[in-house]
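Participant: Before anything else, here's the structure in question.
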Amino acid sequence: MGKSTVASMFRRRGVPVFDADAVVRRLQAPGGAALPAIAAAFPGVVRGDVLDRAALRAVVLADGAARRRLEAIMHRMVRRAEGRFLAQARRRRVRAVVLDIPLLFETGGERRVDVAVTVSAPRSVQVARVRRRGLAKAEIARIIGLQMPDAEKRRRAEVVIFTGLSRGATVRAVQRFIARQFIA
Numbered sequence: 077m078g079k080s081t082v083a084s085m086f087r088r089r090g091v092p093v094f095d096a097d098a099v100v101r102r103l104q105a106p107g108g109a110a111l112p113a114i115a116a117a118f119p120g121v122v123r124g125d126v127l128d129r130a131a132l133r134a135v136v137l138a139d140g141a142a143r144r145r146l147e148a149i150m151h152r153m154v155r156r157a158e159g160r161f162l163a164q165a166r167r168r169r170v171r172a173v174v175l176d177i178p179l180l181f182e183t184g185g186e187r188r189v190d191v192a193v194t195v196s197a198p199r200s201v202q203v204a205r206v207r208r209r210g211l212a213k214a215e216i217a218r219i220i221g222l223q224m225p226d227a228e229k230r231r232r233a234e235v236v237i238f239t240g241l242s243r244g245a246t247v248r249a250v251q252r253f254i255a256r257q258f259i260a
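Right under this line is the structure:
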């Protein structure tokens, strides 16, 4: 969708950003706090101290119960990190923050925010962006199929930032949002 690009635009404008994906990568990195629980729940996907992401992805994409087990492990840990981020922002008296959370609506996270913003791009743009990361078309289709439809996210959000046009158009949309929400 371009979520990370939009988050970096906020960051460059001085708005602190909580990046849930980065937290997940740290938790799942060698020595990460999530590895013991993942290893116990999914035998064979952690070898030594390294998570085999492809093996884990294959398991959770094929089995809804397995995906829910992984989400139960990861969501709890990510929420704790989010709580620490928000507490630090409050201590620093930061006026506003961005919570970059891929599954915001799927997890009911919109209840924890003042303004729910979704980033949207046409499906062809989504697929092209993910393909650059090395995933096969079939795997991308399965991942997108498991997510809430983009139209539903747009319906639920108070603000939609479109990223399928041009980088300049996206920058202008972010600037307009910041001016309306944070400066006004």
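The C-terminal residue of the sequence shown carries number 260 in my numbering, and the numbering is unbroken.
Heads up, the beta-carbon is just placed ideally off N, CA and C, and yes, glycines get one too.
Keep in mind the model is a prediction, meaning the values are calculated, not measured.
#1: Rank Arg-248, Ala-217, Val-247 and Thr-246 by C-alpha distance to the C-alpha of Ala-138 and give the top, closest one.
#2: Have a look at Arg-133, Ser-196, Leu-241 and Lys-229 and flag the residue whose alpha-carbon is nearest the alpha-carbon of Leu-211.
#3: For Thr-194, name the three-state secondary structure that DSSP assigns.
#4: Could you spell out where the alpha helix (DSSP H) holding Asp-226 opens and where it closes?
#5: Given a cut-off of 8 angstroms, decide if Asp-176 and Ala-83 are closer than it, judged by their beta-carbon atoms.
#6: Between which two residues does the alpha helix (DSSP H) carrying Leu-146 extend?
#7: Determine the direct distance from the alpha carbon of Ser-80 to that of Val-250, and round the result to whole angstroms.
#8: For Ser-196, count the other beta carbons within 10 Å of its own beta carbon; 16 or more makes it buried, fewer makes it exposed. Which is it?
#9: By Cβ distance below 8 angstroms, which residues in the same chain neighbour Gly-91 in space, the five residues on each side in sequence not counted?
#10: Measuring CA to CA, which of Pro-119, Leu-179, Ser-200 and Val-170 is closest to Lys-213?
#11: Leaving out the 5 sequence neighbours to the left and right, which residues in its chain are closer than 6 angstroms to Thr-239 when beta-carbon positions are compared?
#12: Quick check on the DSSP output: the beta strand (DSSP E) that includes Val-174 runs from which residue to which?
#13: Have a look at the DSSP bridge pairing and note the partners of Val-236.
#14: Do the CB positions of Leu-146 and Val-136 come within less than 8 angstroms of each other?
#15: Arg-187 to Ala-96, Cα distance in whole Å?
#16: Phe-181 and Met-150: beta carbons closer than 8 angstroms?
#17: Can you tell me which of the three DSSP states Arg-248 falls into?
#18: Smallest Cα separation from Asp-232: which of Phe-118, Asp-128, Val-193 and Glu-215?
Facilitator: Judging by the given coordinates:
#1: Of the candidates Arg-248, Ala-217, Val-247 and Thr-246, the one whose C-alpha sits nearest the C-alpha of Ala-138 is Ala-217.
#2: Arg-133
#3: strand
#4: 226–232
#5: yes
#6: First-last of the alpha helix (DSSP H) with Leu-146: 140–167.
#7: 13 angstroms
#8: Around the C-beta of Ser-196, 16 or more other C-beta atoms lie within 10 Å, and the residue is accordingly described as buried.
#9: Inspection of the sequence shows that residue 91 is occupied by Val rather than by Gly. Ala-172, Val-173, Val-174, Ile-254 and Phe-258, listed in sequence order.
#10: Ser-200
#11: Gly-78, Val-195, Ala-197 and Thr-246
#12: 174–176
#13: Thr-194
#14: yes
#15: 17 angstroms
#16: no
#17: helix
#18: According to the sequence as given, residue 232 is Arg; it is not Asp. Considering only alpha carbons, the answer is Val-193.
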